[in-house]
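Participant:
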Amino acid sequence: MAVLKTEIRSGVYYDSAKLMQLQRILADLPGVEDAGVVMGTESNKEILTHIDLVTPEVKSATTNDLVIVVRAENDKAAATAIGSVDEILSRRKEGSGEFRPRSLETAIQNLPDARWVLISVAGRFAAALAKDALSNGKHVFLFSDNVSVEEEIELKSIASQKGLLVMGPDCGTAIIKGACLGFANKVPAGPIGVVAAAGTGLQQVTSRIAQLGSGITHGIGTGGRDLSEKVGAVTFKMAVEVLSRDLETKVIVMVSKPPAPKIAEEMIKVALRAGKPVVVNFVSYRPSTTQRDNLWFATGMDDAARLAVELAKNPPTLVDDQELKLERFAKGQRYLRGLFSGGTLAYEAQHILADYLPRVYANAPINKENKMANSMASTEHSIIDLGEDEFTVGRLHPMMDNELRIRRLYEEAKDPDVAVIMMDVVIGYGSHPDPASELAPAIKTVIDEAEKAKRHLEVITVVTGTDDDPQTLKNQIKQLKDAGAWVSTSNEEVCRYAGRILRGLNAEATPTPTATQVDLASLQADVSGINIGLESFYENLKAQNVPAVHVEWSPPAGDNEKLKGILERMKAKQS
Amino acid sequence: MDIEQANKKVVEAFMEARPVVTTMAKALEVVPGMHENMILHAGPPITWETASGPVKGAMMGALVFEGKAKTPEEAEKILASGKIEFAPCNDHMCSGPMAGIISPSQLVYVVENQTHKIKCFGNLNEGRGKVLRMGAYSQEVLDKLKWMETVLGPTIKAAIEAIGGVDVRAIIAKSLHMGDDGHNREDAASILWTTQLAPYIAKTAKDTQTAFDVIKFLGENALSILNPIMASCRSMTAAGENVEGSTIVTVMSRNGTDWGIKVSGLGDKWFTAQSPYVKSLYFPGFTESDACRDIGDSVITETAGIGGFAMAAAPALVTFIGGSPQDAIKTTMDMYEITYAENKMFTIPYLDFRGTPTGVDIRKVVEKQIAPRVNTGVAHKDPGVGQVGAGVVSAPMSVFEDALVAFAEKYNI
Numbered sequence: 059m060a061v062l063k064t065e066i067r068s069g070v071y072y073d074s075a076k077l078m079q080l081q082r083i084l085a086d087l088p089g090v091e092d093a094g095v096v097m098g099t100e101s102n103k104e105i106l107t108h109i110d111l112v113t114p115e116v117k118s119a120t121t122n123d124l125v126i127v128v129r130a131e132n133d134k135a136a137a138t139a140i141g142s143v144d145e146i147l148s149r150r151k152e153g154s155g156e157f158r159p160r161s162l163e164t165a166i167q168n169l170p171d172a173r174w175v176l177i178s179v180a181g182r183f184a185a186a187l188a189k190d191a192l193s194n195g196k197h198v199f200l201f202s203d204n205v206s207v208e209e210e211i212e213l214k215s216i217a218s219q220k221g222l223l224v225m226g227p228d229c230g231t232a233i234i235k236g237a238c239l240g241f242a243n244k245v246p247a248g249p250i251g252v253v254a255a256a257g258t259g260l261q262q263v264t265s266r267i268a269q270l271g272s273g274i275t276h277g278i279g280t281g282g283r284d285l286s287e288k289v290g291a292v293t294f295k296m297a298v299e300v301l302s303r304d305l306e307t308k309v310i311v312m313v314s315k316p317p318a319p320k321i322a323e324e325m326i327k328v329a330l331r332a333g334k335p336v337v338v339n340f341v342s343y344r345p346s347t348t349q350r351d352n353l354w355f356a357t358g359m360d361d362a363a364r365l366a367v368e369l370a371k372n373p374p375t376l377v378d379d380q381e382l383k384l385e386r387f388a389k390g391q392r393y394l395r396g397l398f399s400g401g402t403l404a405y406e407a408q409h410i411l412a413d414y415l416p417r418v419y420a421n422a423p424i425n426k427e428n429k430m431a432n433s434m435a436s437t438e439h440s441i442i443d444l445g446e447d448e449f450t451v452g453r454l455h456p457m458m459d460n461e462l463r464i465r466r467l468y469e470e471a472k473d474p475d476v477a478v479i480m481m482d483v484v485i486g487y488g489s490h491p492d493p494a495s496e497l498a499p500a501i502k503t504v505i506d507e508a509e510k511a512k513r514h515l516e517v518i519t520v521v522t523g524t525d526d527d528p529q530t531l532k533n534q535i536k537q538l539k540d541a542g543a544w545v546s547t548s549n550e551e552v553c554r555y556a557g558r559i560l561r562g563l564n565a566e567a568t569p570t571p572t573a574t575q576v577d578l579a580s581l582q583a584d585v586s587g588i589n590i591g592l593e594s595f596y597e598n599l600k601a602q603n604v605p606a607v608h609v610e611w612s613p614p615a616g617d618n619e620k621l622k623g624i625l626e627r628m629k630a631k632q633s
Numbered sequence: 013m014d015i016e017q018a019n020k021k022v023v024e025a026f027m028e029a030r031p032v033v034t035t036m037a038k039a040l041e042v043v044p045g046m047h048e049n050m051i052l053h054a055g056p057p058i059t060w061e062t063a064s065g066p067v068k069g070a071m072m073g074a075l076v077f078e079g080k081a082k083t084p085e086e087a088e089k090i091l092a093s094g095k096i097e098f099a100p101c102n103d104h105m106c107s108g109p110m111a112g113i114i115s116p117s118q119l120v121y122v123v124e125n126q127t128h129k130i131k132c133f134g135n136l137n138e139g140r141g142k143v144l145r146m147g148a149y150s151q152e153v154l155d156k157l158k159w160m161e162t163v164l165g166p167t168i169k170a171a172i173e174a175i176g177g178v179d180v181r182a183i184i185a186k187s188l189h190m191g192d193d194g195h196n197r198e199d200a201a202s203i204l205w206t207t208q209l210a211p212y213i214a215k216t217a218k219d220t221q222t223a224f225d226v227i228k229f230l231g232e233n234a235l236s237i238l239n240p241i242m243a244s245c246r247s248m249t250a251a252g253e254n255v256e257g258s259t260i261v262t263v264m265s266r267n268g269t270d271w272g273i274k275v276s277g278l279g280d281k282w283f284t285a286q287s288p289y290v291k292s293l294y295f296p297g298f299t300e301s302d303a304c305r306d307i308g309d310s311v312i313t314e315t316a317g318i319g320g321f322a323m324a325a326a327p328a329l330v331t332f333i334g335g336s337p338q339d340a341i342k343t344t345m346d347m348y349e350i351t352y353a354e355n356k357m358f359t360i361p362y363l364d365f366r367g368t369p370t371g372v373d374i375r376k377v378v379e380k381q382i383a384p385r386v387n388t389g390v391a392h393k394d395p396g397v398g399q400v401g402a403g404v405v406s407a408p409m410s411v412f413e414d415a416l417v418a419f420a421e422k423y424n425i
């Protein structure tokens with residue numbers, strides 16, 4: 059026999075929908091057959107009568123009474139149901155979560171200060187999203203892979219025009235002002251900036267830096283393909299450039315898997331302009347030296363971290379191109395002519411100058427491609443080994459006979475495009491008894507002639523020998539210096555001095571196309587981000603107290619090709 | 013063709029429209045195209061065979077009310093015979109809740125969009141319970157209709173005329189600041205409506221008993237202003253119709269059989285799909301198995317930028333879906349994703365007085381696969397029963413996709 063139980067609450071008000079909800083919960087309780095929860099209006103009482111939920115209390119209820127009535131299998135079920143009303147009414151929905159926008163456009167409205175958009179959706183949707191992010195002026199952290207190289211090139215071209223970073227595709231790691239994007243380690247703030255085309259490389263180097271007690275400003279990932287010739291290291295270069303301007307970054311570390319050789323050289327060029335120490339660690343890259351200009355070449359990631367920490371702690375004095383006094387040279391003077399008597403010295407000069415000049419011709423080249431067409435007629439940068447057989451037929455070796463070299467010196471000096479002439483003076487037993495006595499006057503003559511023609515000719519000489527040699531080193535150096543030559547006893551020093559001058563003179567001649575600079579303030583501002591794709595990236599941002607919005611993204615037009623096509627054509631027409 | 017310019021024009025027209033209720037009149041006298049043998053109904057076009065239970069029941073009741081049939085059974089025969097022309101309210105500048113039945117001799121509100129000189133019409137609201145709009149046609153229902161025609165209507169008409177017209181847009185704007193959504197929760201708007209009319213009813217009614225009855229009826233009905241609001245919303249969206257190149261939806265509507273939309277740049281063409289069921293809470297004694305498919309022209313409110321779109325203004329409504337107030341905000345935020353503009357006239361206090369999401373753009377609906385959300389009542393599936401619950405429903409995606417394809421065809425995209 060069913061039991062009816064009623065409870066009347068006077069003077070209480072609940073929204074009718076809330077009451078309907080209560081009623082549904084009560085009716086679903088075990089042993090309850092039906093329930094009615096209504097305000098005691100006439101029409102409601104009528105409804106209750108129709109469905110056999112009427113009691114004397116129900117009949118006497120008024121408009122201001124809340125009527126709760128249950129019909130149950132037994133007293134206990136009815137009493138339990140009535141007894142649970144307060145608990146049900148006070149139930150709160152479990153946090154149905156924060157608001158999640160459904161599109162990038164809305165996410166930006168919600169978090170307009172966000173400068174970073176993290177994209178990790180399936181590759182074929184990623185480029186379109188990244189393009190949207192860029193057109194809204196946001197940097198992009200593009201974790202997605204399977205983005206085509208054509209799309210990458212297009213994205214990076216847009217980014218470089220707008221001064222924005224596209225980290226990726228397939229970029230897993232970045233640390234911006236202490237905030238980890240994607241996979242990254244909690245590294246303290248410090249004076250080192252890292253740019254990496256290698257995700258775990260960035261993690262290893264930054265972690266080692268932390269372990270050595272230092273820290274980083276930013277760790278910028280670029281995605282591995284950034285360093286391919288097709289993509290041209292667009293992001294890498296922009297990242298190094300912006301870190302060069304960041305006063306908090308005292309040392310920059312460049313990390314990458316083996317880059318395309320041409321790209322490696324381009325990155326070195328960008329590093330040279332940094333104006334601060336740059337540690338270079340390209341896996342399998344073979345530099346000609348461990349240190350030159352502002353560059354320190356690391357043997358590996360561990361070495362890179364160690365060098366960076368050391369350089370940040372004890373900042374080195376960087377050589378300045380100002381001491382080169384490039385203004386002395388006339389417009390158009392930009393070429394090197396090396397007139398060597400020693401074959402190995404000439405060879406090493408070619409090797410070292412490759413750090414500074416794209417191409418140096420030689421009659422005895424290291425690389426066959428650089429072979430002079432005609433050893434008698436120099437072109438552009440040329441190094442002539444006058445000890446080669448072609449010059450010594452029927453003639454003494456130039457270490458004994460200066461005549462041919464002096465003749466060639468006069469010839470080269472007349473070329474108005476020539477800025478630097480390198481010569482070696484090798485003394486000791488077997489050599490000319492006093493080579494400087496013949497070379498120095500000739501050097502003085504060409505320097506003076508150049509001055510008359512309103513040019514400056516830098517004659518750089520390396521002297522190989524000792525003071526115990528019959529010619530004595532000191533005596534040779536003095537004569538050469540008096541003639542106006544720049545003299546050193548180190549072939550490398552001579553080559554690097556010449557290299558720096560020539561690099562300086564040729565830099566203006568071949569301006570590199572520059573991207574719009576990244577706004578430094580956008581890196582220095584506290585990070586806030588918009589995440590599209592992997593929810594864990596969003597949760598990680600939240601865990602770091604980084605303001606973030608997660609986009610509840612789904613493929614456009616439900617991935618229906620026909621509809622997508624229409625929408626895309628509409629957009630194209632509009633823009 | 014410039015879609016953006018066209019859409020801007022349409023949405024501006026929606027927002028600039030200023031609907032004012034000026035009087036009441038018999039439908040036959042004022043509704044364009046109305047004739048003696050016509051019955052208007054909610055949603056896109058239907059036939060007697062395809063009509064849902066509530067539409068059939070309400071048509072039967074209306075025919076008896078019109079005196080064209082003596083009994084509901086006779087009315088059914090006449091309706092099935094093809095002698096009566098059926099037409100959608102929306103195609104005749106009308107808007108009807110639920111079954112949306114408007115017959116020739118019913119009194120209708122005359123709403124004038126004063127900005128664009130467009131007139132739209134809506135009938136009197138019958139209150140809750142057993143009512144014609146839910147498909148009920150018992151004697152009790154017909155008696156009430158009679159009373160509405162002879163007492164309620166003329167009294168309200170006199171009061172409205174004495175006031176010199178009631179600005180509905182102002183009432184909607186205010187009510188959104190008082191917890192209404194402008195569709196399913198009109199408690200505040202109905203009070204504002206009643207308090208504007210009451211003094212004039214007291215002044216113009218033929219006796220105090222009539223004034224008492226009418227004011228009591230209006231005051232007790234939390235939906236007394238629903239029909240004027242719907243006609244007002246129709247007059248807003250009508251101002252944005254037939255603009256070449258626009259992808260903005262100007263009509264959304266359903267009749268328990270089909271869901272239909274019209275798009276400004278696609279003229280008078282209806283795009284339809286089977287109407288879905290409402291996710292609902294039910295009145296005592298009813299369950300999902302009693303429900304009719306989604307029905308009514310009231311989704312014209314969402315079309316104009318209120319209703320479910322303004323749910324953040326009416327957090328109390330979320331209990332209908334068993335949600336939290338946060339869900340109300342989420343609903344509104346989602347609707348910003350698919351609309352073209354933020355309303356200049358209607359704002360939401362909680363969202364820092366941000367304008368309501370206005371002007372459904374079929375491009376955005378299809379791209380993001382987010383369908384418009386509607387707050388609505390649920391009718392019983394059978395004729396003659398009435399309302400069984402209330403809840404929320406999303407429009408079927410295919411109508412927007414079909415419209416997009418048609419748009420591409422028409423404009424060679």
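First to last, the sequence lines map onto chains S and X.
Mapping of the first sequence onto our numbering: residues 59 to 633, in sequence order.
Mapping of the second sequence onto our numbering: residues 13 to 425, in sequence order.
A virtual CB, placed ideally from N, CA and C, is assigned to each residue, including glycine.
Everything numeric in this text was worked out from a predicted model, so none of it was measured.
#1: Can you pull the chain S residues whose beta carbon is under 8 Å from the beta carbon of X:Met-345, in chain order?
#2: Please check the pair X:Val-22 and X:Gly-252, which I expect to be a contact at CB under 8 Å, by giving their CB distance rounded to whole angstroms.
#3: Check whether the Cβ atoms of S:Leu-403 and S:Asp-482 lie closer than 7 Å to each other.
#4: Would DSSP call S:Asn-339 helix, strand or coil?
#5: Mind listing, in chain order, the continuous alpha helix (DSSP H) runs of no fewer than 4 residues lying wholly within the stretch 469-523 of chain S?
#6: Considering just the uninterrupted stretch of the alpha helix (DSSP H) at X:Ser-93, what are its terminal residues?
#7: Give the straight-line distance between the Cα atoms of S:Ala-184 and S:Arg-417, rounded to the nearest whole angstrom.
#8: May I ask which residues mark the beginning and end of the beta strand (DSSP E) holding S:Ser-433?
#9: Can you list, in chain order, the stretches of the beta strand (DSSP E) that have 3 or more residues and sit fully within the stretch 258-291 of chain X?
#10: Secondary structure at S:Pro-114, three-state DSSP: helix, strand or coil?
#11: With burial defined as no fewer than 16 other Cβ atoms inside 10 Å of the residue's Cβ, what is the status of S:Gln-408: buried or exposed?
#12: Using a Cβ-Cβ cut-off of 6 Å (strictly less than) and excluding sequence neighbours within five positions of S:Val-95, which residues of its own chain qualify?
#13: Quick one: Cα of X:Ala-18 to Cα of X:Ala-391, how far?
#14: Go to X:Pro-31, then tell me how far its beta strand (DSSP E) extends in each direction, as first and last residue.
#15: From the DSSP output, in three-state form, read off X:Cys-106 for me.
#16: Quick check on S:Thr-375: buried or exposed, where buried means 16 or more other Cβ atoms within 10 Å of its Cβ?
#17: Which chain S residues sit within Cβ distance under 8 Å of X:Leu-164?
#18: With 7 Å set as the bound, which would you pick, yes or no: does the beta-carbon of X:Val-400 sit closer than that to a beta-carbon of chain S?
#19: Figure out for me which residue from S:Gly-445, S:Asp-413, S:Leu-382 has the closest Cα to the Cα of S:Ile-401.
#20: In this structure, how does DSSP classify S:Lys-244 when only helix, strand and coil are distinguished?
#21: Taking any Cβ of chain S, which residues in the stretch 356-390 of chain X have a Cβ under 7 Å from it, in chain order?
#22: When you compare the CB of X:Leu-293 with every CB in chain S, is at least one pair closer than 7 Å?
#23: Quick check on S:Gln-219: does DSSP put it in helix, strand or coil?
#24: Among S:Glu-104, S:Glu-91, S:Ala-130, whose alpha-carbon lies nearest the alpha-carbon of S:Ser-118?
#25: Less than 8 Å between the CB atoms is what I'm expecting for X:Asp-199 and X:Ala-234, so what's the real figure, rounded?
#26: So, is the C-beta of X:Glu-413 closer than 7 Å to a C-beta in chain S?
#27: Report yes or no: is there a C-beta of chain S within less than 7 Å of the C-beta of X:Gly-231?
#28: Locate the alpha helix (DSSP H) running through X:Gly-151, then write down its first and last residues.
#29: Excluding five sequence neighbours on each side, which residues of the same chain lie with their C-beta closer than 6 Å to the C-beta of X:Tyr-294?
#30: Is the shortest distance between the beta-carbon of S:Met-78 and the beta-carbons of chain X less than 7 Å?
Facilitator: The relevant details are as follows:
#1: Phe-157, Pro-159, Thr-164
#2: 4 Å
#3: yes
#4: strand
#5: 493-510
#6: 84-93
#7: 41 Å
#8: Taken as a continuous stretch (DSSP letters only), S:Ser-433 belongs to no beta strand (DSSP E), as it is neither H nor E.
#9: If we require 3 residues or more, the beta strand (DSSP E) runs fully inside the stretch 258-291 of chain X come out as 261-267, 270-275, 283-286.
#10: helix
#11: buried
#12: Leu-77, Leu-80, Gln-81, Ile-126
#13: 37 Å
#14: 31-38
#15: strand
#16: By the Cβ-count criterion, S:Thr-375 is exposed, with fewer than 16 other Cβ atoms from all chains shown falling within 10 Å of its own Cβ.
#17: Ordered by position in chain S, no residue passes the 8 Å Cβ test against X:Leu-164, which lies about 18 Å from the chain.
#18: no
#19: For clarity, residue 401 of chain S is Gly in the given sequence; the question names Ile instead. The residue with the shortest Cα to Cα distance from S:Gly-401 is S:Gly-445.
#20: In this structure, S:Lys-244 counts as coil in the three-state DSSP scheme.
#21: Arg-375, Val-378, Glu-379, Lys-380, Gln-381, Ile-382
#22: It does: the Cβ of X:Leu-293 has a partner Cβ on chain S nearer than 7 Å.
#23: helix
#24: S:Glu-104
#25: 5 Å
#26: Answer yes: the Cβ-Cβ gap between X:Glu-413 and chain S drops below 7 Å somewhere.
#27: Chain S contact via Cβ: absent.
#28: Checking the sequence, you will find Gln at residue 151 of chain X rather than Gly. Residues 151-159.
#29: Val-400, Gly-401
#30: yes
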